[in-house]
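So the sequence shown is numbered by the numbering used here: it starts at 11 and just counts up by one. One structure below.
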Amino acid sequence: IDATESKFGAEPFFKFLSHLELRGIGFHRGLPEQALEVLLEAFCRVNPKMIDPSFWQSFSAEHDLTHIYLKQVRYSMTGGPQGRAVDEKTLEKTDTPASLEISSQPHADEQKLDQEELSQIPEIIQGLLRAAKTIKLYPLESKAISDSVEQLMEALQSILTRRPVLALALVRSSLLINGIRIDTSDFKTLADTFTKFLDTIEINSICFLQHITSHELETFVRALGEFSHAKVDSEFWKRFAEDKRLSSILLNKHLYEILEEIGAEAALEDSERDLAEQEPMEKIPKEEEAEPPTKKPFETFLEVLEDRLPDLLLKGDEKMVQHMVKRLFEGFQVRDHSTRQKVIDVCRGTLESLTLATKHQLSRLLADPLLVAFSEEKEPKVLVEIASLLKLMAISFIQFAEYPSASRVLFHLQRRYRQLDEAKDERVPLLSKALDIKLEPPTQKLIVDDLKSSDPSRQKEAAQLVGSLGQVAVPMLIDIIKQEEGYRARKIATILLEELGPKAAKRLKRELVLEISAEERLRILEVIDTLTSDLRDELLLLLGDEDPQVREAAFRLAERLNESYVVELLLDYAKCQESSLATAAIKCLGRLKMQSAVGELFSLLNSTKEEEQLIACCRALGQIADPASVEHLAKILAPKSRFGLRKGRSARVRAAAAFALGQIAHPSVAEVLAPFVEDRDPRIREIARTVVNNAESSAPS
Numbered sequence: 011i012d013a014t015e016s017k018f019g020a021e022p023f024f025k026f027l028s029h030l031e032l033r034g035i036g037f038h039r040g041l042p043e044q045a046l047e048v049l050l051e052a053f054c055r056v057n058p059k060m061i062d063p064s065f066w067q068s069f070s071a072e073h074d075l076t077h078i079y080l081k082q083v084r085y086s087m088t089g090g091p092q093g094r095a096v097d098e099k100t101l102e103k104t105d106t107p108a109s110l111e112i113s114s115q116p117h118a119d120e121q122k123l124d125q126e127e128l129s130q131i132p133e134i135i136q137g138l139l140r141a142a143k144t145i146k147l148y149p150l151e152s153k154a155i156s157d158s159v160e161q162l163m164e165a166l167q168s169i170l171t172r173r174p175v176l177a178l179a180l181v182r183s184s185l186l187i188n189g190i191r192i193d194t195s196d197f198k199t200l201a202d203t204f205t206k207f208l209d210t211i212e213i214n215s216i217c218f219l220q221h222i223t224s225h226e227l228e229t230f231v232r233a234l235g236e237f238s239h240a241k242v243d244s245e246f247w248k249r250f251a252e253d254k255r256l257s258s259i260l261l262n263k264h265l266y267e268i269l270e271e272i273g274a275e276a277a278l279e280d281s282e283r284d285l286a287e288q289e290p291m292e293k294i295p296k297e298e299e300a301e302p303p304t305k306k307p308f309e310t311f312l313e314v315l316e317d318r319l320p321d322l323l324l325k326g327d328e329k330m331v332q333h334m335v336k337r338l339f340e341g342f343q344v345r346d347h348s349t350r351q352k353v354i355d356v357c358r359g360t361l362e363s364l365t366l367a368t369k370h371q372l373s374r375l376l377a378d379p380l381l382v383a384f385s386e387e388k389e390p391k392v393l394v395e396i397a398s399l400l401k402l403m404a405i406s407f408i409q410f411a412e413y414p415s416a417s418r419v420l421f422h423l424q425r426r427y428r429q430l431d432e433a434k435d436e437r438v439p440l441l442s443k444a445l446d447i448k449l450e451p452p453t454q455k456l457i458v459d460d461l462k463s464s465d466p467s468r469q470k471e472a473a474q475l476v477g478s479l480g481q482v483a484v485p486m487l488i489d490i491i492k493q494e495e496g497y498r499a500r501k502i503a504t505i506l507l508e509e510l511g512p513k514a515a516k517r518l519k520r521e522l523v524l525e526i527s528a529e530e531r532l533r534i535l536e537v538i539d540t541l542t543s544d545l546r547d548e549l550l551l552l553l554g555d556e557d558p559q560v561r562e563a564a565f566r567l568a569e570r571l572n573e574s575y576v577v578e579l580l581l582d583y584a585k586c587q588e589s590s591l592a593t594a595a596i597k598c599l600g601r602l603k604m605q606s607a608v609g610e611l612f613s614l615l616n617s618t619k620e621e622e623q624l625i626a627c628c629r630a631l632g633q634i635a636d637p638a639s640v641e642h643l644a645k646i647l648a649p650k651s652r653f654g655l656r657k658g659r660s661a662r663v664r665a666a667a668a669f670a671l672g673q674i675a676h677p678s679v680a681e682v683l684a685p686f687v688e689d690r691d692p693r694i695r696e697i698a699r700t701v702v703n704n705a706e707s708s709a710p711s
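Structure, rendered in structure tokens:
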């Protein structure tokens with residue numbers, strides 16, 4: 011009808027509908043009075059702040075208003091003249107058919123910002139205005155400009171880490187964010203300033219895409235500083251974007267076009283809307299047709315991420331990569347199993363497609379969120395996939411000698427494995443395979459070189475890394491012990507083996523009795539007691555080794571161990587037929603000062619004829635210093651009898667006995683040595699005089 015013929019005019023009614031964000035109201039035959047009362051009451055109490063894009067649809071469903079059809083205004087970022095964003099009512103006044111202009115708008119619910127995101131809009135607007143002002147006041151290369159661009163970038167990323175696009179547009183006096191009109195009453199002055207600013211630079215909509223770089227943002231801000239109305243025509247900003255290759259800042263463009271550019275399929279509006287736009291109001295549909303399924307924004311994000319990340323890494327835009335990784339793992343555990351699997355697949359696919367350097371760069375950014383995901387994951391297949399990916403990243407860290415990062419990743423992998431193993435979890439066998447790390451020989455050499463380094467910090471970090479490798483490190487550590495000449499590196503390797511538990515000790519013990527070179531056996535003997543003292547069987551074999559250096563090292567090991575079983579072994583060897591071996595065993599008993607060996611040494615003194623063994627026995631008894639030895643040593647010291655009834659000992663043996671007596675702190679020693687103060691052997695004479703003089707000087711007067 012022609013509203014101008016109405017007596018009172020239609021303007022008040024249009025204002026009424028506009029206030030309620032309604033395009034029209036339809037009534038079906040059989041309308042109950044109660045439904046009309048509910049509607050009129052709502053008209054009275056509703057204010058614009060309460061109205062979101064689906065308000066009237068939800069209201070109708072909630073109150074079962076089946077006889078009333080409420081057609082809500084939907085603000086849409088579609089191209090008007092020169093690309094200006096318009097609302098649906100404005101579209102009706104244009105000559106272009108609505109079916110051409112609104113062909114595929116995004117679903118409002120998917121694009122609407124939540125309250126946290128909306129709270130960032132004033133900061134983004136302020137950041138843009140501040141950057142535009144700063145560019146006119148300071149030189150292009152000044153810190154003030156770079157700081158303002160950086161602040162704007164941070165503000166944008168607060169939303170772009172969660173959404174693929176942030177679109178700001180004007181519809182008459184309204185500000186649309188991602189196609190949804192927002193209430194600007196809380197920052198009205200700022201919003202008015204922004205509106206005037208966009209009008210001034212002849213931009214009707216600005217869309218920032220998720221992969222925006224700092225360089226693109228700075229290029230756009232510089233253009234604002236150089237803006238001149240004399241140079242501007244309807245195609246100016248389009249040409250500018252093409253010339254500067256701004257792929258992530260889109261000016262005066264349709265929102266649905268933007269979403270298509272980043273791989274999203276825009277949802278079609280329901281058939282009710284199409285009918286309402288193209289047919290008279292009386293042909294209101296009775297039922298809404300189901301909307302076709304749409305791709306979720308996160309799925310779209312995953313599709314573009316694998317292609318986009320390498321490009322950003324090569325550009326050096328690490329901050330943007332950080333934001334994308336943050337969004338990738340945001341709410342990871344609440345996503346369904348298949349989506350979590352897709353996230354891990356994307357991470358793996360991206361890492362495997364990168365060069366060594368960029369793989370390491372991305373690994374650093376993925377480490378923290380992946381470790382959190384690994385600690386919380388319950389589903390076996392996803393857990394194993396995450397572990398496998400973390401293992402790949404740890405190897406990358408090792409290759410770049412970034413040992414602390416590798417150690418941290420490996421520590422968390424081993425800790426979770428131990429927790430599951432202790433709980434006898436069914437996932438342990440699967441996880442065990444995923445944690446089987448195989449280091450290439452060149453990589454192992456890097457670690458070994460750092461363990462041998464004279465630089466304490468390098469050595470410490472390498473040690474931490476090896477400790478984090480778990481059982482995988484055992485063969486490498488054993489090789490270090492066998493092959494490295496430097497004692498310090500071998501000692502560190504042994505300490506690290508000790509931390510890896512009893513299995514590691516058993517493997518090193520087994521090496522001692524295998525067919526290895528004398529040099530390798532010698533190196534193991536020098537450090538193995540750091541790892542274990544349970545070496546009875548190994549000592550039994552090695553104390554009699556044919557190589558004198560190995561045998562000597564075995565005796566030194568026996569001394570360091572000083573275990574009860576060591577005395578038994580040494581006493582057995584002290585009685586063996588091979589004189590040199592028996593002598594070495596006796597000497598070792600003396601150095602150990604084993605009181606329990608005294609009786610056997612007395613027996614050896616009386617039974618052996620070997621001079622070296624007799625000397626060794628005397629010295630051992632002197633070291634043990636048991637007073638019971640005085641009588642036995644005195645017999646050894648006694649000279650040959652005048653008539654040859656008692657055969658005397660050699661001068662060397664007698665001197666050894668005198669020296670042994672001098673080491674025993676007992677009063678009877680001075681009495682025994684007194685007859686020898688004039689002995690013809692100067693060694694015996696000197697010892698006897700010293701002991702006797704000391705006894706006399708200490709005696710009470």
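The C-beta atom is built at its ideal place from N, Cα and C for all residues, glycine as well.
In the DSSP assignment, find the beta strand (DSSP E) that holds R428 and state where it starts and stops.
Start at 1 with the first residue of the sequence shown, and residue 428 comes out as number 418. Per DSSP, R428 belongs to no beta strand (DSSP E); it is in the alpha helix (DSSP H), Y413 to E432.
Are the Cβ atoms of L591 and V560 separated by less than 8 Å?
By one-based count along the sequence shown, residue 591 stands at place 581. By one-based count along the sequence shown, residue 560 stands at place 550. Not in contact: L591 and V560 (Cβ atoms no closer than 8 Å).
Grab the span of the alpha helix (DSSP H) containing R55 for me, first residue to last.
Position 45 of the sequence shown holds residue 55. It spans E43 to R55 - the alpha helix (DSSP H) in which R55 sits, taken as one unbroken run.
Please return the same chain residues whose Cβ sits closer than 8 Å to the Cβ of P637, not counting the five positions on each side in sequence.
Taking the first residue of the sequence shown as position 1, residue 637 is located at position 627. Excluding residues within five positions, the ones whose Cβ falls inside 8 Å are I674, H676 and S678.
From L615 to I534, what distance separates their C-alpha atoms?
Residue 615 sits at position 605 when you count from the first residue of the sequence shown. Residue 534 sits at position 524 when you count from the first residue of the sequence shown. Roughly 35 Å between the two C-alpha positions.
Would R659 be called buried (16 or more neighbouring beta carbons within 10 Å of its own) or exposed?
Within the sequence shown, the letter at position 649 stands for residue 659. When all chains shown are included, R659 counts as buried.
Okay, do the stretch 427–438 and the stretch 486–503 touch, 3+ Cβ pairs below 8 Å being the bar?
Too few Cβ pairs lie closer than 8 Å, so no.
The alpha helix (DSSP H) that contains F230, what's its start and end?
Along the sequence shown, one-based indexing puts residue 230 at 220. First-last of the alpha helix (DSSP H) with F230: S224 to G235.
How far does the beta strand (DSSP E) with G34 in it extend, from its first residue to its last?
Your numbering for residue 34 matches position 24 in the sequence shown. Segment L32 to F37, the beta strand (DSSP E) holding G34.
In the DSSP assignment, find the alpha helix (DSSP H) that holds L524 and state where it starts and stops.
The sequence position of residue 524 within the sequence shown is 514, counting from 1. Counting along the chain, L524 falls outside any alpha helix (DSSP H), and DSSP gives it neither H nor E.
Taking 7 Å as the limit between beta carbons, can you name the residues of its chain near A286, skipping five residues before and five after?
Numbered from 1 along the sequence shown, position 276 holds the residue referred to as residue 286. Unreliable placement is indicated for A286, whose pLDDT of 37 sits below 50; the coordinate value is still reported in the next sentence. Excluding positions up to five away in sequence, the list reads K81.
Say whether the stretch 390–405 touches the stretch 348–365, bearing in mind that this needs 3 or more beta-carbon pairs closer than 8 Å, one atom from each stretch.
The stretch 390–405 is in contact with the stretch 348–365.
Which of helix, strand or coil does DSSP assign to R255?
Counted from its first residue, the sequence shown places residue 255 at position 245. Note: R255 maps to coil in three-state DSSP.
Can A142 and G235 be called in contact, C-beta distance under 8 Å?
Here residue 142 refers to the residue found at position 132 of the sequence shown. Here residue 235 refers to the residue found at position 225 of the sequence shown. Yes, they are a contact pair.
Rounded to whole angstroms, what's the CA-CA distance from C217 to L261? Just pull it up for me.
Translated into the one-based positions of the sequence shown, residue 217 becomes position 207. Translated into the one-based positions of the sequence shown, residue 261 becomes position 251. So the two alpha carbons sit approximately 6 Å from each other.
What residue ranges within the stretch 133–195 form continuous alpha helix (DSSP H) runs of no fewer than 4 residues, ordered along the chain?
Within the stretch 133–195, the complete alpha helix (DSSP H) runs of at least 4 residues are 153–170.
Identify every residue that forms a DSSP beta bridge with K8.
The question about residue 8 has no answer here: the residues shown for the chain are numbered 11 through 711.
Can you check whether the CB of S406 is closer than 8 Å to the CB of L475?
By 1-based counting over the sequence shown, the position of residue 475 is 465. By 1-based counting over the sequence shown, the position of residue 406 is 396. In this structure, S406 does not lie closer than 8 Å to L475 by Cβ.
Assuming F339 is part of the alpha helix (DSSP H), what are its boundary residues?
Within the sequence shown, the letter at position 329 stands for residue 339. Segment: none, F339 is in no alpha helix (DSSP H) and carries neither H nor E.
Does P414 pass the burial test, meaning 16 or more other C-beta atoms within 10 Å, or should it be called exposed?
Numbered from 1 along the sequence shown, position 404 holds the residue referred to as residue 414. Under this definition P414 is an exposed residue.
Hey, would you say F24 sits closer than 8 Å to I78, going by beta carbons?
Within the sequence shown, numbered from 1, the residue matching residue 24 stands at position 14. Within the sequence shown, numbered from 1, the residue matching residue 78 stands at position 68. Against a cut-off of 8 Å, the Cβ pair of I78 and F24 comes out as no contact.
Looking at the unbroken alpha helix (DSSP H) that takes in L770, where does it start and where does it end?
Because the chain is modelled from 11 through 711, residue 770 falls outside the range shown and cannot be assessed.
Please report the straight-line C-alpha distance between K372 and R601, rounded to a whole angstrom.
What you label residue 372 is simply residue 362 of the sequence shown in a count that begins at 1. What you label residue 601 is simply residue 591 of the sequence shown in a count that begins at 1. A quick correction: the sequence has Leu, not Lys, at residue 372. Their Cα atoms are separated by approximately 60 Å.
Mind pulling the alpha helix (DSSP H) runs of 4 or more residues that sit fully within the stretch 559–593?
Complete alpha helix (DSSP H) runs here, min 4: 574–584.
With a Cβ-Cβ cutoff of 8 Å, do E548 and V523 count as a contact?
In the sequence shown, counting from the first residue as 1, residue 548 sits at position 538. In the sequence shown, counting from the first residue as 1, residue 523 sits at position 513. Result yes, Cβ atoms of E548 and V523 sit closer than 8 Å.
Just verifying my parser: in three-state terms, what is the DSSP assignment at F410?
Working through the sequence shown from its first residue, we reach residue 410 at position 400. It is coil, neither helix nor strand.
In whole angstroms, what is the alpha-carbon distance linking E573 and Y497?
Position 563 of the sequence shown, counted from the start, is the residue given in the question as residue 573. Position 487 of the sequence shown, counted from the start, is the residue given in the question as residue 497. Going from the Cα of E573 to the Cα of Y497 covers about 24 Å.
Could you check which residue in T210, R173 and M163 has the C-alpha nearest to that of L180?
Translated into positions along the sequence shown, residue 180 becomes position 170. Nearest of T210, R173 and M163 to L180, Cα basis: T210.
Using DSSP's beta-bridge definition, name the partner residues of I216.
For the purposes of this step, residue 216 is taken as residue 206 along the sequence shown, with counting starting at 1. In DSSP, I216 forms a bridge with L178 and L261.
Could you give the DSSP three-state label for E620: helix, strand or coil?
Mapped onto the sequence shown, residue 620 falls at position 610. In the structure shown, E620 sits in coil (DSSP, three-state: anything other than H, G, I, E or B).
Drop a sphere of 10 angstroms on the beta-carbon of Q44, count the other beta-carbons inside from all chains shown, and report buried for 16 or more, exposed for fewer.
Numbered from 1 along the sequence shown, position 34 holds the residue referred to as residue 44. Q44 is exposed by the Cβ-count criterion.
Any idea if R437 is buried or exposed, counting beta-carbon neighbours within 10 angstroms, 16 or more meaning buried?
On the sequence shown, residue 437 is found 427 positions in, with the first residue counted as 1. Label assigned to R437: buried.
Using the Cβ count rule (16 or more neighbours within 10 Å means buried), how would you classify C628?
Here the question's residue 628 lines up with position 618 in the sequence shown. By the neighbour-count rule (16 or more Cβ atoms within 10 Å), C628 is buried.
Start and end of the alpha helix (DSSP H) containing M486?
To locate residue 486, count along the sequence shown from 1; it is residue 476. Looking at the DSSP string, the run of the alpha helix (DSSP H) that includes M486 is V484 to Q493.
For H29, which residues in the same chain have their Cβ closer than 6 Å to its Cβ, ignoring the five residues on either side in sequence?
Along the sequence shown, one-based indexing puts residue 29 at 19. Closer than 6 Å at Cβ, skipping near neighbours: no residue.
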